[in-house]
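What follows is a set of notes on a single structure, which appears directly below.
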Amino acid sequence: MVKFGEKLAAERWAGWASAYLDYDLLKRKLDAIVELDEPSAQPIVNVERIREARKNIFQGYLDEELQKVLSFYRSKLLELSKHVADAKKDVDSASRTNSEVLQGTASDAATKDAYAMLASRIQTLKNATEEITQLLGFVSLNMAAVRKILKKYAKHVEPAKPMPGFLTLQIEHPHEKGWNMLQGTFLPARMADDLENFQHHRELVKLKEDFSGLSGQIGIDLEHALEEMDSMEALAQRNAGLVHARAWSEVQAGIFTPAPPDELATATTSGLLLNCINSGLYMANYNLIIPTITELCHHIGVSNAAVGLIIGCCDVATIPGTTGYSLWTNRSYKWPLVTSAVACLLGNLAYCLSYDARLLWLLVVARLVTGLGSARTVNRRYIAMFVKKADRTWASALFVSLSAVGMALGPLLALPLSRFPDLQVADFSVNHITMGGWAMSAAWVVFIIVTLCVFDDPLKRQALAPDPLQQPLLANDADTAADPIPEQDLEGSIPGDGAAGGAGAPPKANGLKASRGQLAGNGRDLEEIQEYVEDTGTATFREKWESFWESSVPATLICIFLCFVLKVAQQAYIDGLPIFTEGLYGWTNAMCGVMLGVLGLTAPLVNTSIGALSARLSDRRITVGSILITGAGCVLLMKGGYPPWMFFVGGVGVYMGTIVLEAVSMSLTSKVIDERMSKGLFNAGLLSTQAGTIGRLSGNLMLSAVAALTGAMTTSEIAALARTLFGLNAAFMAFSLAGVVMLYRRLAC
């Protein structure tokens, strides 16, 4: 079987040999790392130090090779673009001259000069066509080389970990759909745009289309060359589609789809801010009632067992609401945002009215309506579909940060509101319990007004943009289109035409083809032929389904299950905190709110720390560690609140462990997910969101069910509640740990 290094050397264009990725050099650096696995007389410590040094050397060479490839591609693209622009000018000039000849107004000298210039340009066009084909091959071969060397690296060495601020490469396998790996680099994250341009090579494809249009307009036969370009473009698209640049912040935000092309990135700064603010306001609204929920229950006349049920009503409505908003975004983004804000406004008003009416059913309705205001799927989709690649990192970070601030802000409002006087305004009570609802109502009114006035729907912006498919490839004057240049005048009648392509012609290609019938004839090895055949879809539906299921579905399901189970444990602890702190320690609403707020504000710091930690530890290991920490916290909470330090240490362990687990489970999901599950309506982003929502609901219902069984009023009842509630959560964590261990090898590093 032909080795890839030999194939690369044989198929690259000789004139550009030094610009290609030096696969043999990188392989030698990799072999230097692998040889350390052989028995050695050196101490293990020295071997590990040498290994780390050689890994860094490999990484440095890989970075340099990538920079070299991208730099050469940019320079050739500029050169070819200039050829296209010059050719267009000459074609336009010759077309006008031809029109004048037909009308009898052009001089013989002008006609001869125009045709001579165009004839020389024809040979340049032919040479440039060959260069475009070879540049497409340059993209294809280099992307294949990156994938091959990193795939080989992953077999022998654990890949370098992604680091915030630096470019990360995600490598896929062409016929193992679930196989992928992440390779960290020391390249700055801003180079993701260069790699993105290289992968999609849209400018190069546009040049190919322009040359195709020019060849038809001037009447030269480039059919064979154009077919070769099309074949090479297909191969380049395939190889480039297996290498992706990933940003840590996008994973945190639950965004899995690739960024849109710049011409379709119709997001505005105001639209992005409104989406992020919408998410933050909803999270504040959701957690607002937690510090005062037990006091509100006593005022209405229900026991603490109803706490979980009342809070969980939001999640009941969020589940169908999320799907509805996701469907609605196919037609509009503005009105789902407005509708969600109106739902939250009505929910807050009903919440305030339930205090005076002392009606449990009205409070339940208030929470249900508030749950319909969750438009986080709209917010995520806005970023995923309409924010361009260059802005996606900070947009994702803003979304995550404002959501975390909202989670903390809701409970923290209990501190300033704790000293709010009891007032009666037009038969409505305004006090430390209801004032939060009135304040949130005012905030939502402002949000609705601003959204109606400022938000520019991206779908409408796209509809108003000119459709390039409806425009001609080459915009020419009417007389140019009406008077095509005679073929016989350009293919042999001008003296000196044969000399136009003399010494200046580029070197001939080595025969790199991509058509199916020529694969074997051009010396492609068996692996490449196998990859091509499998990509053409010869496998049966059953084989495709079995491959899809075995390669990615179990790993994806365990990641989504982690999104569910972490919310169960987190929500049971958060919503139960007022019951435990008031019943066991006599805390006030304000003290409980401050604790929840402080915990919420630590979330961005924890996520940042996880980003740094992931550079040293794999996501799988961090997942196992966070499950163990959460489980240990549940065990400490089972002690019933005494001694107090054990309760607070256990609570911090549960909260921090679930925050870490949330970040890392989203990261793992992005790595193991099959491409077919990363797009469409019911994609993994929506599934993970729904899993988290159902998890919060399950945690709330579990709290209410256990409180109803054990009671939640006396000290002994609260102790029994803690043992049962957190014992169940500890069992969930043990089950999750078992699932992760069983699928450990299938989870990406």
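Numbering-wise (this note's numbering), the sequence shown opens with residue 451 and increments by one.
Here a beta-carbon is modelled for each residue, glycine too, at the ideal position from N, C-alpha and C.
Buried or exposed by the 16-neighbour rule on C-beta atoms within 10 Å, applied to residue i
| i | result |
| --- | --- |
| residue 595 | buried |
| residue 454 | buried |
| residue 1035 | exposed |
| residue 1095 | exposed |
| residue 498 | exposed |
| residue 479 | buried |
| residue 465 | exposed |
| residue 439 | Residue 439 lies beyond the residue range present for the chain, which begins at 451 and ends at 1199; the question has no answer from this structure. |
| residue 597 | buried |
| residue 1017 | buried |
| residue 726 | buried |
Residue i in three-state terms, based on DSSP
| i | result |
| --- | --- |
| residue 873 | strand |
| residue 837 | coil |
| residue 853 | helix |
| residue 880 | strand |
| residue 511 | helix |
| residue 1045 | helix |
| residue 740 | coil |
| residue 752 | coil |
| residue 1037 | coil |
| residue 530 | helix |
| residue 601 | helix |
| residue 808 | coil |
| residue 905 | coil |
| residue 396 | Any question about residue 396 goes unanswered here, given that the chain covers just 451 to 1199. |
| residue 629 | The predicted position of residue 629 is uncertain, since its pLDDT is 48 and thus under 50; no value can be drawn from it. |
| residue 964 | Caution is warranted here: a pLDDT of 37 is assigned to residue 964, below 50, making its placement in the model unreliable, and no coordinate value can be reported. |
| residue 717 | coil |
| residue 825 | coil |
| residue 453 | coil |
| residue 1202 | There is no way to answer for residue 1202, as the model of the chain reaches only from 451 to 1199. |
| residue 525 | helix |
Residue i versus residue j - alpha carbon distance
| i | j | result |
| --- | --- | --- |
| residue 740 | residue 734 | 11 Å |
| residue 715 | residue 756 | 46 Å |
| residue 872 | residue 863 | 16 Å |
| residue 1183 | residue 1078 | 8 Å |
| residue 804 | residue 743 | 13 Å |
| residue 1041 | residue 515 | 57 Å |
| residue 855 | residue 877 | 34 Å |
| residue 745 | residue 505 | 60 Å |
| residue 732 | residue 1074 | 31 Å |
| residue 737 | residue 764 | 10 Å |
| residue 802 | residue 866 | 18 Å |
| residue 780 | residue 787 | 13 Å |
| residue 717 | residue 832 | 8 Å |
| residue 460 | residue 473 | 13 Å |
| residue 1072 | residue 1060 | 9 Å |
| residue 482 | residue 1111 | 36 Å |
| residue 535 | residue 523 | 18 Å |
| residue 870 | residue 861 | 15 Å |
| residue 1049 | residue 528 | 53 Å |
| residue 1058 | residue 1080 | 19 Å |
Residues near residue i by beta carbon distance below 8 Å, same chain, minus five either side
| i | result |
| --- | --- |
| residue 470 | 458, 462, 519, 588, 591, 592 and 595 |
| residue 888 | 798, 802 and 880 |
Same chain only: Cβ atoms within 6 Å of residue i, ignoring 5 sequence neighbours per side
| i | result |
| --- | --- |
| residue 1097 | 1091 |
| residue 1015 | 1182 and 1186 |
| residue 1031 | 1037 and 1042 |
| residue 1051 | 858 |
| residue 791 | 894, 897 and 898 |
| residue 810 | 750 and 752 |
Other residues of its chain near residue i: CB distance less than 7 Å, five sequence neighbours each side excluded
| i | result |
| --- | --- |
| residue 907 | 782, 783 and 784 |
| residue 799 | 891 |
| residue 806 | 878 and 879 |
| residue 1200 | Here the chain comprises residues numbered 451 to 1199, so residue 1200 is not present and cannot be evaluated. |
| residue 1178 | 1152 |
| residue 853 | 729, 730 and 733 |
C-beta neighbour in chain D for residue i, strict 8 Å
| i | result |
| --- | --- |
| residue 469 | Here there is only one protein chain, and chain D is not present. |
**Message:** To test your reading of the DSSP string, which unbroken alpha helix (DSSP H) runs of 4 or more residues are found completely within the segment 459 to 486?
**Reply:** 473 to 484
**Asked** At which residue ranges does the segment 1126 to 1190 contain complete alpha helix (DSSP H) runs of 4 or more residues, listed in the order of the chain?
**Response** 1134 to 1160
**Message:** Restricting to runs no shorter than 4 residues, where is the alpha helix (DSSP H) found entirely within the segment 1054 to 1121?
**Reply:** 1069 to 1087
**Length-filtered (4 minimum) alpha helix (DSSP H) runs lying within the segment 765 to 802** = none
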